[in-house]
Amino acid sequence: MSNTNTTDERDLGRAGEQLSTAPREESATSVPAMGVIGWARWFWRQLTSMRVALILLFLLSLGAIPGSLIPQNSVDELKVQTFKETHTTVTPIYEKLQFFDVYSSVWFSAIYILLFISLIGCIVPRTGQFVGQLRGRPPGAPKKLTRLPAYTTWRTDAGPDQVREAALGILRRRRFRSHTVGDAVSAEKGYLRETGNLLFHIALIVMLVAFAGGQLFKSEGGKLVVEGDGFANTITQYDDFKSGSLFDNDDLAPFSFDLQDFVGTYERGGPQRGTPRTYEARVTYSEGADGETKKKVIEVNKPLDVDGTKVYLNAHGYAPVVSVKDGRGKEVYRTAVPLLPIDNNVTSTGAIKVMDGYKDRNGKKSQLGFQAFFVPTFAGDGQGTMFSQYPGLDYPVLALNGYHGSLGVDSGLPQNVYQLDTSKMKEFKDSNGDQLKKRLRPGETMKLPDGAGSITFESVEEWASFQISRQPASGWALTGAIAAIAGLAGSLFIQRRRVWVRAVRGTDGVTVVEMAGLGRSESAKLPEELGDLAAALHTVAPTAPDPDPDPDPDPAPETEPGQPAEESAEGAEK
Amino acid sequence: MNLAAATNENLANISNTLIYSSMAVYTLAFFAHIAEWVFGSRSKVGRTAAALKEDSATGGSAGKAQVAQGGGTALLERPKVVTRSAAGTRDVPDGPGAAGGTFKGDLWGRIAISLTVVAFAVQAGGVVARALSVQRAPWGNMYEFSITFSTVAVGAYLTLLALRKNVRWIGLLLVTTVLLDLGIATTTLYTDSDQLVPALHSYWLWIHVSTAIICGAVFYLGAVGTLLYLFRDSYESKLANGGTPGKFATSVLERLPAAKTLDTFSYRINAAVFPLWTFTIIAGAIWAGDAWGRYWGWDPKEVWSFITWVAYACYLHARATAGWKGRKAAYLALIAFGCWLFNYYGVNIFVTGKHSYAGV
Ligand code: HEM
Numbered sequence: 017m018s019n020t021n022t023t024d025e026r027d028l029g030r031a032g033e034q035l036s037t038a039p040r041e042e043s044a045t046s047v048p049a050m051g052v053i054g055w056a057r058w059f060w061r062q063l064t065s066m067r068v069a070l071i072l073l074f075l076l077s078l079g080a081i082p083g084s085l086i087p088q089n090s091v092d093e094l095k096v097q098t099f100k101e102t103h104t105t106v107t108p109i110y111e112k113l114q115f116f117d118v119y120s121s122v123w124f125s126a127i128y129i130l131l132f133i134s135l136i137g138c139i140v141p142r143t144g145q146f147v148g149q150l151r152g153r154p155p156g157a158p159k160k161l162t163r164l165p166a167y168t169t170w171r172t173d174a175g176p177d178q179v180r181e182a183a184l185g186i187l188r189r190r191r192f193r194s195h196t197v198g199d200a201v202s203a204e205k206g207y208l209r210e211t212g213n214l215l216f217h218i219a220l221i222v223m224l225v226a227f228a229g230g231q232l233f234k235s236e237g238g239k240l241v242v243e244g245d246g247f248a249n250t251i252t253q254y255d256d257f258k259s260g261s262l263f264d265n266d267d268l269a270p271f272s273f274d275l276q277d278f279v280g281t282y283e284r285g286g287p288q289r290g291t292p293r294t295y296e297a298r299v300t301y302s303e304g305a306d307g308e309t310k311k312k313v314i315e316v317n318k319p320l321d322v323d324g325t326k327v328y329l330n331a332h333g334y335a336p337v338v339s340v341k342d343g344r345g346k347e348v349y350r351t352a353v354p355l356l357p358i359d360n361n362v363t364s365t366g367a368i369k370v371m372d373g374y375k376d377r378n379g380k381k382s383q384l385g386f387q388a389f390f391v392p393t394f395a396g397d398g399q400g401t402m403f404s405q406y407p408g409l410d411y412p413v414l415a416l417n418g419y420h421g422s423l424g425v426d427s428g429l430p431q432n433v434y435q436l437d438t439s440k441m442k443e444f445k446d447s448n449g450d451q452l453k454k455r456l457r458p459g460e461t462m463k464l465p466d467g468a469g470s471i472t473f474e475s476v477e478e479w480a481s482f483q484i485s486r487q488p489a490s491g492w493a494l495t496g497a498i499a500a501i502a503g504l505a506g507s508l509f510i511q512r513r514r515v516w517v518r519a520v521r522g523t524d525g526v527t528v529v530e531m532a533g534l535g536r537s538e539s540a541k542l543p544e545e546l547g548d549l550a551a552a553l554h555t556v557a558p559t560a561p562d563p564d565p566d567p568d569p570d571p572a573p574e575t576e577p578g579q580p581a582e583e584s585a586e587g588a589e590k
Numbered sequence: 033m034n035l036a037a038a039t040n041e042n043l044a045n046i047s048n049t050l051i052y053s054s055m056a057v058y059t060l061a062f063f064a065h066i067a068e069w070v071f072g073s074r075s076k077v078g079r080t081a082a083a084l085k086e087d088s089a090t091g092g093s094a095g096k097a098q099v100a101q102g103g104g105t106a107l108l109e110r111p112k113v114v115t116r117s118a119a120g121t122r123d124v125p126d127g128p129g130a131a132g133g134t135f136k137g138d139l140w141g142r143i144a145i146s147l148t149v150v151a152f153a154v155q156a157g158g159v160v161a162r163a164l165s166v167q168r169a170p171w172g173n174m175y176e177f178s179i180t181f182s183t184v185a186v187g188a189y190l191t192l193l194a195l196r197k198n199v200r201w202i203g204l205l206l207v208t209t210v211l212l213d214l215g216i217a218t219t220t221l222y223t224d225s226d227q228l229v230p231a232l233h234s235y236w237l238w239i240h241v242s243t244a245i246i247c248g249a250v251f252y253l254g255a256v257g258t259l260l261y262l263f264r265d266s267y268e269s270k271l272a273n274g275g276t277p278g279k280f281a282t283s284v285l286e287r288l289p290a291a292k293t294l295d296t297f298s299y300r301i302n303a304a305v306f307p308l309w310t311f312t313i314i315a316g317a318i319w320a321g322d323a324w325g326r327y328w329g330w331d332p333k334e335v336w337s338f339i340t341w342v343a344y345a346c347y348l349h350a351r352a353t354a355g356w357k358g359r360k361a362a363y364l365a366l367i368a369f370g371c372w373l374f375n376y377y378g379v380n381i382f383v384t385g386k387h388s389y390a391g392v
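Written out as structure tokens, the structure reads:
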């Protein structure tokens, strides 16, 4: 490289200075000055450099991968359990590496916290720098405008002052920030690019903080409700409940709702027979302790929203209503018993537990338990299957077998309501000495042997289960997200560029106009825009008739050997 | 109800026929493209080598200037703008395209494009018929997703052509992948036309899935540009260092646009789509918030969208970082597209999550 070239570049460098606020790359190998402060400064400079930001971003995407391939506690604890049971060799390793909780693991947190420290360390000085740039003015023209990516020149009879004045007017009209320095006008446009970029990076921080806040303060619980029953939003009413570490019980919004009716429809025919088509939970609800009652249909994608707490429809199933008479013929039990679906056609299982009030023929207190198997659409007698054929209520059948004795509910241990603990119970036997079982249609009754009473399948209700969740700061997350997109668009679609117009009186008394443009990246738009600007200026300062018959028309006073050779148009910007 | 069902089935059959027909036409377009490349190979070009030699003869790094072409006679009225590439960048002209400037090659190229337009129209008809047969957005399963995906990719390519952008070089590769995509869609991914499970009933389906498809299709065009950039760049470096690339490589790569052009093309594409991809993820999060009660739950599909997003952000950062421009950034762009592909095929097929109810 020749000497002139280097000066040129330095000259250009000054003109291109501050065309962005991106940090200068420093060599990673530069040895820091001795001492703790020296090292700390070196470390900080490394952390906030673009190269380290790049590496951290890459690590972030790499680090997210295991969480998508290995079951996660935060997503599905049951799956994690199954995985641990089947993969006994890798489990201890995975546990050490926190691979079952990737997104809250120490190492994943370290990556993103470092990234965000780097981000803040990057944004703060950049913002300051940018404000400085906004206060200042575009730098003066470099000495040799011919070296710039887009350049044009012509000679005119208009005076230099007149040309500069006109150029200033044209540029300002196009919303360039422009001013005159010496013999040239300097102009700059596209500050929104930097604004957008800073906005985007700040929005990322807002989103992260909102997400983290949401995780810390959130609450989420499930509740199964049978048609006709209701729910009030207090902790004791939940079937299961999870919350963030900073959640407080008083955060629960006071409201309640009743499930009036659940409607499910299913595909009737075709290969997709049985695929759900609509699920609607019709509820009435009231806000506050005693607000007015309102109606709402909750669907899968349409939760009920009460003061930021959302009630989602999660699942549904059937709850056969059964009644039990004891040995003296007295009805001691009548309940809709929710059963859990075990397949797509809602074949369901569960347990019926008669705990209080039952007395046998001799008046002795006892408890009854029934294992229940329910199908909404029975295959028909003699088909040999007790699996449902269709999820709708076409031909409901309830199969029962019964036990008597102690349900074991008094032992103090929590019990699964859907399972029967028969360890302290005895089977009811039929006349052959086999276990008593029967398939019932609605309205049918199974008599218990030896005058022990009877159980009747009265009718069927449906149940729906709801997820009730509150995730604070989601409004902030959304705001951040929208700002991020707007900022990105500004950052990526707007070019920041500078234009210089120099007008000098040549030795022959004719004015030489030179215009040049510089952008952050080479773009086809830049020469186009310069061409438009030149055309506009040209109408004010038209080309002077060439007084000199010399075949070399080059008028530039600063002509040098590097002067562009005009090439065929082939390779020109398209 | 029965009558309606019959119409639906009819429409579904029409859709299938249209998709198969478009495959036939794409196959013809594929052969026309091959003919274009074959006839084009008979031209003598060697412009890259010549440009590079000339460059080193005149001392290289000064960078060469070119006169930007204005339009027609206006040129006489307005001052000419001279452009100059930055010092240190290789300055070689774009190749002449697959046809190599030969008349016959160009003719075949034009035939190929005409056939592509026809195939595109037929395929788009297939997608619309499918939508009508199910009376919803045709994006309920992977089959529907795939046929829409390649339709959009071809549509984007034809739009760029119509805007007179220099993109004819994509033709052969694009048609080949479209055939591959449709082949996989019709054989292994086919699902009978039917309606959606309630979880998918939402206008967010239109918003989120349509932008996801557009992003993927356009990212794909960017990835093709990046891939060809890598080949063309090593070809140019080899020439610049005085090496002689193989005959076949020369014939093919010589006709592509210059490495710099390809690089700029991919960058523009990726940068233009990145905000849309950001929007897609956010729209998905809003939908998830409505459907599942949390806007972000690290579901595999969500994780891979996030990974893809970060990978593209990485690429954009790399472009702005000294020492990472060029080939290194290009590898990042390919990795990012690889993530997108895995998110689409891999996650749907190998990983189970909340998104896998769409019947593959
Ligand atoms: C949280 C992770 C981050 C993401 C997702 C991200 C994303 C992006 C994206 C997409 C761009 C492209 C916009 C453009 O090209 O103008 C960009 C530009 C930029 N980013 Fe980041 N960024 C992150 C962190 C950082 C950090 C930590 C720094 C500082 C070290 C940084 C500094 C920059 C700079 C200076 C630019 C502008 C480059 C230019 O002017 O062309 N970013 N970022």
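Chains as they are written, first to last, in the working numbering: chain H, 17 to 590; chain D, 33 to 392.
Just so you know, even glycine gets a beta-carbon here, dropped at the ideal spot from N, CA and C.
Note that the structure is predicted; figures quoted are calculated from it, not measured.
**Message:** So, for D/Gly104: in the same chain, excluding its five sequence neighbours on each side, which residues have a beta-carbon less than 8 Å away from its beta-carbon?
**Reply:** At D/Gly104, the pLDDT of 35 sits below 50, so the modelled position is not reliable and the matter cannot be decided from this model.
**Item:** alpha helix (DSSP H) segments (min. 4 residues) lying fully within the region 304-359 of chain D
**Value:** 332-352
**Asked** Measuring from the CB of H/Pro39, is there a heavy atom of ligand 1 at a distance below 7 Å?
**Response** yes
**Request:** Would you grab the beta carbon distance between H/Gly131 and H/Leu70 for me? Rounded to a whole angstrom, and I think it's under 8 Å.
**Result:** The sequence shown places Leu at residue 131 of chain H, not Gly. With 8 Å as the limit, H/Leu131 and H/Leu70 do not qualify as a contact, their Cβ atoms being about 10 Å apart.
**Asked** H/Leu220: beta carbon under 7 Å from a heavy atom of ligand 1?
**Response** yes
**Asked** In three-state terms, what does DSSP make of H/Ser302?
**Response** strand
**Request:** Look at the alpha carbon of D/Ile46 and the alpha carbon of D/Ala61, and state the distance between them as a whole number of angstroms.
**Result:** 22 Å
**Prompt:** Any contact of the region 356-371 of chain H with the region 392-406 of chain H, i.e. 3+ C-beta pairs under 8 Å?
**Reply:** yes
**Message:** Taking 7 Å as the cut-off, is the C-beta of D/Cys247 nearer than that to any heavy atom in ligand 1?
**Reply:** no
**Asked** If you count every other CB in all the chains shown that lies within 10 Å of the CB of D/Tyr52, and 16 or more means buried, which is it?
**Response** exposed
**Message:** Within 8 Å of any Cβ in chain D, is that where the Cβ of H/Gln62 sits?
**Reply:** no
**Nearest-angstrom Cα separation, counted from H/Phe482 out to H/Val340** = 29 Å
**Request:** Verify the CB distance criterion: does D/Gly129 have a CB-CB separation below 8 Å to chain H?
**Result:** no
**Message:** I'd like the ranges of any alpha helix (DSSP H) spanning at least 4 consecutive residues and lying wholly in the region 477-521 of chain H.
**Reply:** 490-509
**Message:** With DSSP as the reference, identify every bridge partner of H/Lys375, one or two as the case may be.
**Reply:** H/Lys381
**Asked** If you measure from the beta carbon of H/Gly83 to each beta carbon in chain D, is any gap under 8 Å?
**Response** yes
**Asked** Would you report the Cα separation of H/His195 and D/Gly329, rounded to the nearest angstrom?
**Response** 53 Å
**Request:** Give the DSSP bridge partners of D/Trp236, in chain order.
**Result:** None, per the DSSP bridge assignment.
**Prompt:** Name the DSSP beta bridge partners of H/Gln405, please?
**Reply:** Bridge partners of H/Gln405: none, in fact.
**Where H/Thr12 meets chain D, residues with beta-carbon distance less than 8 Å** = An answer regarding residue 12 of chain H cannot be provided, because it is not within the stretch 17 to 590 covered by chain H.
**Asked** Which chain H residues sit within Cβ distance under 8 Å of D/Asp138?
**Response** Within chain H, no residue comes near D/Asp138; the closest Cβ sits about 16 Å away, beyond 8 Å.
**Asked** With 16 other CB atoms within 10 Å as the buried threshold, where does H/Asp177 fall?
**Response** exposed
**Asked** With DSSP run on the structure shown, which of helix, strand or coil describes H/Ile368?
**Response** strand
**Asked** In or out: D/Tyr280 buried (at least 16 other Cβ within 10 Å) or exposed?
**Response** It should be noted that the sequence gives Phe, not Tyr, for residue 280 of chain D. By the 10 Å Cβ count, D/Phe280 comes out exposed.
**Item:** When D/Lys292, D/Asp322, D/Phe338 are compared against D/Thr310, the one with the closest alpha-carbon
**Value:** D/Phe338
**Request:** For H/Arg350, collect the residues of the same chain with a Cβ closer than 6 Å to its Cβ; drop the 5 residues on either side in sequence, then sort them by chain order.
**Result:** Ser339
**Request:** Determine, using beta-carbon pairs with one atom in the region 514-530 of chain H and one in the region 274-285 of chain H, whether at least three such pairs fall under 8 Å.
**Result:** no
**Prompt:** Where does H/Asp274 fall in DSSP's three states?
**Reply:** strand
**Request:** Measure the CB-CB distance between H/Phe233 and H/Pro488 and report whether it falls below 8 Å.
**Result:** yes
**Prompt:** How about the region 455-468 of chain H and the region 200-217 of chain H: do they share at least three Cβ pairs that are nearer than 8 Å?
**Reply:** no
**Request:** Below 7 Å CB to CB, which residues in the same chain sit around D/Glu176 once its five sequence neighbours on both sides are set aside?
**Result:** Arg162, Pro170
**Asked** Quick one: what does DSSP say D/Val379 is sitting in, helix, strand or coil?
**Response** helix
**Request:** Find the residues of chain H that neighbour D/Ile339, judging by a C-beta separation of less than 9 Å, and give them in chain order.
**Result:** Leu76, Ser77, Leu78, Ala80, Ile81, Ser84
**Prompt:** Pick from D/Thr218, D/Leu193, D/Ala130, D/Ala317: whose alpha carbon is nearest that of D/Ala67?
**Reply:** D/Ala130
**Message:** Closer than 9 Å between beta carbons: that is the criterion. Which residues of the region 370-382 of chain D meet it against chain H?
**Reply:** Cys371, Val379, Phe382
**Item:** Bridge partner(s) assigned by DSSP for H/Leu329
**Value:** H/Phe482
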